[in-house]
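Peer 1: Supplied in structure tokens, the structure appears directly below.
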Amino acid sequence: MATKGPMQDPIVDPMIDPRTGEYAVIAPGHTFKSVTQKIAGIVLTSNTPLGWFFGLVVGAGVAQGLVIGCTWLFLKGTGIWGVTIPGAWGFAIINFVWWIGIGHAGTLISAILLLFKQTWRNSINRFAEAMTIFAVCCAGLFPLIHVGRPWLAYWLFPYPNTMNVWPQFRSPLAWDVFAVSTYASISVIFWYMGMIPDFGTLRDRATMPLAKYFYGMLSLGWRGSTRHWIRYESASLLLAGLSTPLVLSVHTVISFDFAVAALAGWHTTIFPPYFVAGAIYSGFAMVITLAIPIRKFYHLEDLVTLRHLDNMAKVMLGTGLIVGYGYGMEVFMAWYSASHWEFFMMWNRMFGPMGWAYWILILTNLAIPLTTLWSRKLRVNVAYLFILSFIINTGMWFERFVIVVTSLYREYLPSSWGTYRATKWDYMIYVGTLGMFTFLFFLFVRFLPMIPMSEIRMMLPQTKVTPGGAKAKTVSEESA
Amino acid sequence: MMKTTGNNTTGIGTDETMAEMKAPAAQPVVVTQISPAKMTLAEVRAKLDGKTGRRFWKNLDELADTPEFHELMREEFPRQSGANEWVDSVSRRGFLKVMGASLTLAGLAGCTKQPDEPIYPYIKQPEDLVLGKPMYFATAYPFPTGAIPVLVKADSFRPIKVDGNPEHPMSKGKSDTFTQATLLDLYDPDRSQHVLHRGETASWGDFQQAFSTAAKKTNSGQGIYFLSETITSPSLAAQWKQVQAAYPQARLVQWEPVNQDASRAASKAAFGSYTDAQYKLEEADVILSLDADFLGGIAHPGFLPLAAGYAERHRYEAGKTMNRMYVVETMPTVTGFKAEHRLALKPSEIATFATALANGAAPQGASGDTQKFFAALLSDLKASGGKCVVIPGEQASPAVHAAAYALNSSLGAVGKTVIYTETVNPMPSEQVADLRSLVGDMNAGKVQWLVILGVNPIYSAPSDLHFQDAFAKIPVTVHLGSHVDETGAIANWHINKAHYLESWSDARAYDGTISIIQPMIDPLYGGKSAHDVLQALLENSQISAYGVVVANAKTYIKGDFAAGWRKALHDGWVEGTAFTAKAAGAGKSAIASFPTTASSGLEVSFRPDPSIYDGRFANVGWMQELPKQVTNLSWDNAAIMSMGTMAELKLEESDPVKVSFNGREFIAPALMVPGHPDGVITAHLGFGRGVLAGRVGQGVGFDAYQIRRSDAPLFVAGVTAVKVPGTYELCITKVHNIEHRGSFAQHDLEKPQYDTDGVYSLAGHEAMERSIIRYATVEEVKKNPNFAHEHGASGTLIDKVGYSPQGETVPKENSFFPNAWSYEKTDPSTLKIQNAWGMAIDLNSCIGCNACIVSCYAENNIPVVGREQVKVGRNMQWLRIDTYFEGDLHAPKAHFQPMACQHCENAGCEQVCPVGATVHTPEGLNTMVYNRCVGTRYCSNNCPYKVRRFNFLLYSQYDTESLKFMNNPDVSVRSRGVMEKCSYCVQRIEAVKIVADKENREIRDGEIVTACQQACPTSAITFGNINDKASKVAKLKAEERDYQVLADLAFRPRTTYTAGVINPNPELA
Amino acid sequence: MPPREGIYGLLAEFNTPSELVHATKEAHRAGYRRMECYTPYPVEEAAEALHFHKTRVPLVCLLGGLMGVTTAFLMETWVNVWAYPLNIAGRPLESWPAFIIPAYEWTILFAGFSACFGMIALNGLPQLYHPVFNAPNFRNGATTDKFFLCLEATDPMFSPAESRAFLEQFPAVSVVEVDH
Amino acid sequence: MAQVFDRSSNALARFSLVLTGVIVIALGVTLDQLQRSPWVTRQGQRPDQPVPFSHKHHVEGLGLQCQYCHTQVEKAAYAGIPPTKTCINCHAQIWTNADLLEPVRQSWATGASIQWIRVHDLPDYVYFNHEIHVNKGIGCASCHGRVDEMPLMYQQNTLQMEWCLNCHRNPAVNLRPTSEIYNMAWAGPSNDKPVWCTSTVKGGATAQDVSCTTTEPSGKGPDVAMMQISSEAHGPTSSDVPPLGIAMPASYVKFTNQMDLGKYLTAQYHIRNPEQLSSCETCHR
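Okay, here's the thing in structure tokens:
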């Protein structure tokens, strides 16, 4: 992370490390036991906070939209949506890309930052990964329900059949199947592997027999043996090394859905990088959306500090700039290519009947975030970040809307120009997935350790090993 | 041939009919008597009695489970049982039901575990019947403007396709939208199914009884009146003569809301007797149409020969002088837009213009443009030296007709390009006048029996006659109609009319040739025809329509009758019955007798609808959904007006506007149509009907009959039109996209349109910019025959900068895999070069008449989706006529371009399908495998031509049995969630392939004809093997004017277009 | 494993990693080989002290990856060239550029699975029952904040008395016998 | 603190992991087998027919020609199910009051069809055409099996797409002389039973002009003649017409195995190449 020089303004906040002028990653004064108790307590406590039940019920309630929507969808067909010819793809694909994008932050945090030895990631990677998995669940839903005959969706997978017919591997959609399924499975095992030692902890700290058995099973009998730790470490490093190219490839493949097609506005080489950047952009926004209320609700300010928010905001600034560059390139190429198709597409995208969508996108994705995120004050302003994270995710949703809809509804043959109008079912199902996401996430924070305890321990000063077995200095001495 | 029972409901003797089977392959054979089925059609009818609409068919479903019904079906539709198509359809519905189950184990097999399917073999099989081989029978579709000779394809005695009769001298195998649509009309589930007496089901016998006794009471026929549709049947006329002989006082009035009164009146004045005109456009260098939409459809007499003749002379071919067409019209029609020069005038002005033209003096007070047009036109006509023709429109005023007669004779066209003959109608009359007198008699109480034959006056009679009130005064009213419509519902008697495909008759075509109308199928509901009704009055009242026709045929079939009759039925027409020119010749000028009066104020012009005519196709889904010519309006009609009028009335498109004329009014949404003259609203007739119109027709559009008066049936002046609150969204399948594109956004345009008030069509302009439409003038093409691929022609923009020359084919070498696939392989076993299918479409010949689309509907089991679905752009036509408006929308050029799947060799759709549901065949077809499709719709996104259609919902008819019978058994019925598109009629290709392979020969050129090609009245579409250099299609593709649409995308479409050539008058250019 | 009688080993508990590492080094120097450290988080110094360096997880992972890429490519080629050769958009049968992507994904998939499950297998997990859990103080420490060294009975140098003495020279919180 | 789990749990845990793996694999194998199993394909099932009609008796026993009942097999897509009249032709005289035939007499009397259960039921959306197969040298038995040995009719083959493709990709394995189409016992040539074929017309052999014999064509003889294909007048394969002599002394080629014969006939009959035969539009429209 870019370390700033000493701050000009006097620092009063104890959370600020006087040497770097950065916020501390963990509040001073924590011991192995305190962090363990703090985190394990949330899971093992016998009296669940009412707010949790409330959130769970709300999530479940909203998720009913998805249930009802899909039921009707299967009964009637995709015609209940706004999709049509020429706009044969609509909300389903937009939401798919949006959710997958959100997922990316989790993998990025857990994998790429791990490779870069960014230890501050430790406090947020667990629930970022959880977020990834739930986002992928929501995303994975859409390609399946958006096909005209969902009950035959399994034809997209390669399996020996009596028809001697196989998937068509030249199609980006077939690539999606591989990319997304791989992404989902790798994320899950990475997530689970990360939790094994913590399950051990929970097993040992649990008092209720049921919890003991439950976490005992999950922990596979983890006992913290050093040889295990070494293999474990190397395995997680390998997975991180694998997830990094994976996460980059997934959104690249998603972007191929468009880049490989012949449409002006889709047929663009800039897509892979700017899709990945956009994904991380929205992903971090979502992490912030989740992190802020959680640290407040469970009083985790000590472990998820302003430093984390600050860093995440910086990442958003960076990726946001890449995305902005992407938009810029599209416009530039429309002019530079001197291709009538490109030029008309861009003109229509800006000033056509659906121009409003493009300008919303520019406002929410570029104008607001990229002007404000430069200020450290705003970067560590919790309330502002919280609002901004919503703005950015709206913007990213509109980015996909603009790409999918405004490229489709007016393309090569003017005779077949049309328009696109979403129906209530489109919205119901979209909102429904938001509910499902919330629901799953609430379950997660209640029953699984949302912050990796073992990794937090590693960040504590007590981990320093002094030769000769001299008693390690206590934290209090150190800070004195 | 459809004999189900020994004692059949109609008098069709099996042996009578089988003989006339037109079987290209086998000789006609006589069917041995089939032993009677357990349940007769009559019993089915009894069972279905009283059931209407949905419940009706539910009931039929239940019925379908009883063995008797299967038994019946076996005999009605042997193929159904033989091939189990019948139970198939059920099992396919089952297939949907078990879609959940298909997820289970059996589903892995890619198909469901099918239920036991029974087979119902014949008791005795008709010897000529080969299950799965269609049979063809000749008959004719009687239409007021002249019968259309047709050849009907019957699958196991079940009509499944209506096409032109190739052996007929007039139609030469061509057909039109209406004729194609009559098939669905036959299977319309809402057809009336019983004789009704005061709403109660009665029998035909009862009526015969009541009618004849009543007639006998009035020994002279006093008070017996017939109100008939226009008669084109000599036999019916003969029958009427007999009736008159028996009952001299009986009266027969012919009347239809859309009629030819104008020409009748004018011809009477000019020739002393009613006269029809026949034009020979293949002879004409200059054509002037005075409000005559003779390329629009059979609403204009002789559409087929006229269109063919026009196209013949409009093709740009070596050693041929192209014709030049001028059109003066109100409502923009395909004729108007095909014309080199089009002048838009109000109806009243047209008369003035025509008269002025005839007098050779410029019209007073006409605008500069009009004057210029007038002068140029007149000189051009004169210069042509008689090789010209003036065609007046049937819906133009008598003055126009009189002027046309005068012009044709003064220009010396008579005898060269036009001849005057006796009328197709054996009993011509001026219908509105007759109707008025009839209503007079009705009010005077003179009418005891009013027998209405096929018309629906309660709905369509001129509003000022108050027909309904007069109707109420009549003791006994009889209505013979295919539906229990507005008239049928309130008549004492309703007799369900047999469809022409169900009945015997005869009719004259445009050229006078008589065709025998023979039944293709036993009347589904035991319907009756006008012959039966008239016969009821005669002493031998039991004679069937067949008997009547045979009796009368003896008068016009020369030579040995038995042989002649058989030949007539086989060929579909009777030799030597065509009209010859009348002695009267050119006739005298009758202009004086029709003074033209300059009218003032807003006018409303009434026109038969291009899709549903006067309303008779209101319940035919195909026609309602068919995007209308020029406007592309699907479902509904509208108050069609110009931008100027719209501004004047302070209207936006789809604002409801109330049009009122002395006291009566109708409300319709406003619709701007480019090229429409100011100060006039065009209203299409036949819409705005209630529930009686049927499940399709009810509540569609707006009833313009409301303000149509008997004294002004063609147009009225001085109407008021005001906006009423609310909005009504019309569904137009192609918007005009009037949109201002700022000048800064035009730097890449070749023809920048610094258009500030948005009066040009963005779509149209883009079509030119993208070189989708290419044309040139004769001069230009003479200068540069290769104009379609080079710079310079006024109507062609190519060679723009960009990643490749805009609109030009990318050289094969540019590809990474130029020779990945060869389509010129030689078959190892035959050592012959393989077939490669391709299509060429001549944009010069295409007149945008829509016949191809309806033909495609019938051939490929295309579903009707309904107004709301079309509104969101989900119409299912595999083929569409793209209409582009070029230039200022006040007086634009328009271009028609049939657009269907282009069968690209490097098809984008194939590359992106994740399950390989659309793939390329060795012969270059882009096949869509419905049962493999999972419906990702990616293919549609990647198709630049947007010709793929998706079953967003369950569109196909799985419940309506009568519609199932119409399905083409060789084409899958697509269920929901499946993509579909034009297949080049692969079922026809495969059928021919099998025949050819059996005979170990190559497929001959022209042996495979696609449905659209078959219907096209101007032969604009050519299909064939492009590897066979001798084939027509290969030759066309070799022409310089041949070009690919969006060629620069390098998809290598197999369908190519021949760039248009126009022949404008330099003076007006 | 068959339940054995007798003691499994001696378990010394420490408060800080430093003490643990020190004790382990000493034990190794003293010639103990069959011993194991138990820590609440990975302590690399402990591993060094145990002279335990290389793991075979990366190898397993590599093999998995290779398997993935070959499987995918062979499948795609077989399907398109051999099983059902179809003309798709005029593209060559062996459209290898397009085939790269699924192959790429499966490489990662297989490698990832083998890394994870390889690790679990090499660690001999799941092993829900383990003698060290018999130690009364192991549970509330080992996975939270305590550091353990276990000298196993199978070690030739091991003798209950001497080993205990050896361990008690360090400032261990406690030294307990662990039985099977 | 005591153990959470007892000793056995280790074994248990590992065993359950292994078991899970085994179950997953087993499931896959089962499904794969199931989709080809008679339960799905209905191979070998003999549905209850109204009349227990025995092909064995009529074909093998009485030697009826296939086409006597399935009249249009050479002319149309459908082979055709015989109308009741066909049964009555004989059964008006023989077995006139056998109980088994009651349904037939019933049908004849009342005019109600005999309601058979379809045995060979192709999946929906597949267009199969008997005409072309029969005319291009695919024998009845190739798909329907030894019907002459089936007392009750059953489905010999899966009729699944993969089964169709087997032949469409390599027709040679099933091709036989068109004179042998209806020969149920045809086993293809072998060393002890070779086949001699010749094209009797110079220039572009056609299906009609190939003649094959199973006996050494030293000279013309009835046996050779019996093998002759009749002239076009009678249609290519109507083998029930009186035989003609050999048109001309022809050079016969000897075949001792099916593949050679198949390849020869593929060329003679102008069978389209596998690429075209296995192209989708051949069967799906």
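Residue numbers (my numbering), protein chains in the order written: chain A, 1 to 480; chain C, 10001 to 11069; chain F, 20001 to 20180; chain S, 30001 to 30285.
Where a beta carbon is used, it is the ideal one built from N, C-alpha and C, also for glycine.
If you drop the 5 nearest sequence neighbours on each side, which residues of the same chain put their C-beta closer than 7 Å to that of Arg10937/C?
Peer 2: These residues qualify, in order along the chain: Phe10950, Met10979.
Peer 1: When DSSP builds the beta bridges, which residues end up paired with Cys20150/F?
Peer 2: Cys20150/F is bridged to Leu20011/F, Glu20036/F.
Peer 1: Would His104/A and Ala313/A qualify as a contact pair, given that the criterion is a beta-carbon distance under 8 Å?
Peer 2: Going by C-beta atoms, His104/A is not nearer than 8 Å to Ala313/A.
Peer 1: Do you know offhand how far Leu20011/F's Cα is from Pro28/A's?
Peer 2: Near 32 Å, if we compare the C-alpha coordinates of Pro28/A and Leu20011/F.
Peer 1: The region 10339-10365 of chain C: which residues have C-beta closer than 7 Å to a C-beta of chain F, in chain order?
Peer 2: If the cut-off is 7 Å between Cβ atoms, the region 10339-10365 of chain C has nothing near chain F.
Peer 1: Compute the distance between the beta-carbons of Gly10587/C and Phe10271/C, then report whether it is under 8 Å.
Peer 2: Yes; because the gap between Cβ atoms is below 8 Å, this pair is in contact.
Peer 1: Is it true that the CB of Gly20064/F sits closer than 8 Å to the CB of Ser20114/F?
Peer 2: Result yes, Cβ atoms of Ser20114/F and Gly20064/F sit closer than 8 Å.
Peer 1: Under 8 Å, Cβ to Cβ, is there at least one residue of chain C near Lys76/A?
Peer 2: At least one chain C Cβ lies under 8 Å of Lys76/A.
Peer 1: Under DSSP, the alpha helix (DSSP H) around Gly10576/C begins and ends at which residues?
Peer 2: Gly10576/C -> no alpha helix (DSSP H), and no H or E assigned at all.
Peer 1: Counting Cβ pairs closer than 8 Å, one from the region 43-58 of chain A and one from the region 436-453 of chain A, do we hit at least three?
Peer 2: Yes: the two stretches touch, three or more of their Cβ pairs being nearer than 8 Å.
Peer 1: Just how far apart, CA to CA, sit Pro30274/S and Ala20083/F?
Peer 2: Rounded to whole angstroms, Pro30274/S to Ala20083/F spans 13 Å at the Cα level.
Peer 1: Around the Cβ of Tyr159/A, are there at least 16 other Cβ atoms within 10 angstroms (buried) or fewer (exposed)?
Peer 2: With fewer than 16 other Cβ atoms within 10 Å, it is exposed.
Peer 1: Below 8 Å on the Cβ atoms is my guess for Thr10139/C versus Gly10572/C; work out the distance and round it to an integer in Å.
Peer 2: Contact flag correct, Cβ pair sits at about 7 Å.
Peer 1: How would you list, in chain order, the residues of chain S whose beta-carbon sits under 8 Å from the beta-carbon of Lys10124/C?
Peer 2: Within 8 Å Cβ-Cβ: Pro30083, Thr30084, Lys30085.
Peer 1: Determine the closest residue to Cys11012/C out of Lys11037/C, Met10899/C, Ala11030/C, with distance taken between C-alpha atoms.
Peer 2: For Cys11012/C, the nearest C-alpha among the options comes from Met10899/C.
Peer 1: Can you tell me which of Phe351/A, Gly435/A, His146/A puts its alpha carbon nearest to the alpha carbon of Val58/A?
Peer 2: Nearest option by C-alpha distance: Gly435/A.
Peer 1: Go through its chain and collect everything with a Cβ distance to Gly320/A's Cβ below 6 Å, but skip five positions before and after it.
Peer 2: Contacts found: Tyr281, Pro369, Leu370.
Peer 1: Distance cutoff 8 Å, beta carbons only. Does Leu20011/F sit that close to anything in chain A?
Peer 2: No, its Cβ sits nowhere closer than 8 Å to a Cβ of chain A.
Peer 1: Taking 8 Å as the threshold, find out whether the region 10433-10447 of chain C comes into contact with the region 10592-10610 of chain C through three or more Cβ pairs.
Peer 2: Judged by Cβ distances under 8 Å, the region 10433-10447 of chain C makes no contact with the region 10592-10610 of chain C, as fewer than three pairs qualify.
Peer 1: Under 8 Å by Cβ, that's how I've got Ser10710/C and Leu10465/C pegged, so tell me the actual separation to the nearest angstrom.
Peer 2: That belief holds up - the Cβ atoms of Ser10710/C and Leu10465/C are roughly 6 Å apart, short of 8 Å.
Peer 1: How would you call Ile30025/S, buried or exposed, if buried means at least 16 neighbouring beta carbons within 10 angstroms?
Peer 2: Its Cβ having fewer than 16 others within 10 Å, Ile30025/S is exposed.
Peer 1: Check each candidate in Ser416/A, Tyr298/A, Leu378/A and name the one with the smallest Cα separation from Thr48/A.
Peer 2: Of the candidates Ser416/A, Tyr298/A, Leu378/A, the one whose C-alpha sits nearest the C-alpha of Thr48/A is Tyr298/A.
Peer 1: Given a limit of 7 Å on CB to CB distance, which residues of the region 20086-20100 of chain F reach chain C?
Peer 2: Against chain C - using a Cβ distance shorter than 7 Å - the residues of the region 20086-20100 of chain F are Leu20086, Asn20087, Ile20088, Ala20089, Gly20090, Arg20091, Pro20092.
Peer 1: Return no unless some Cβ of chain A is closer than 8 Å to the Cβ of Thr20154/F.
Peer 2: By this cut-off, Thr20154/F is not an interface position.
Peer 1: Looking only at its chain, what residues have a beta carbon closer than 8 Å to the beta carbon of Thr10597/C, apart from the 5 residues adjacent to it on each side?
Peer 2: The answer, listed in chain order, is Ser10348.
Peer 1: Sort out for me which residues DSSP pairs Phe10661/C with in a bridge.
Peer 2: Answer is Arg10664/C, bridged to Phe10661/C.
Peer 1: Quick one: grab the DSSP three-state call for Cys10939/C.
Peer 2: Three-state DSSP puts Cys10939/C in a helix.
Peer 1: Go ahead and pull the three-state DSSP assignment for Glu10910/C.
Peer 2: Correct three-state label for Glu10910/C: helix.
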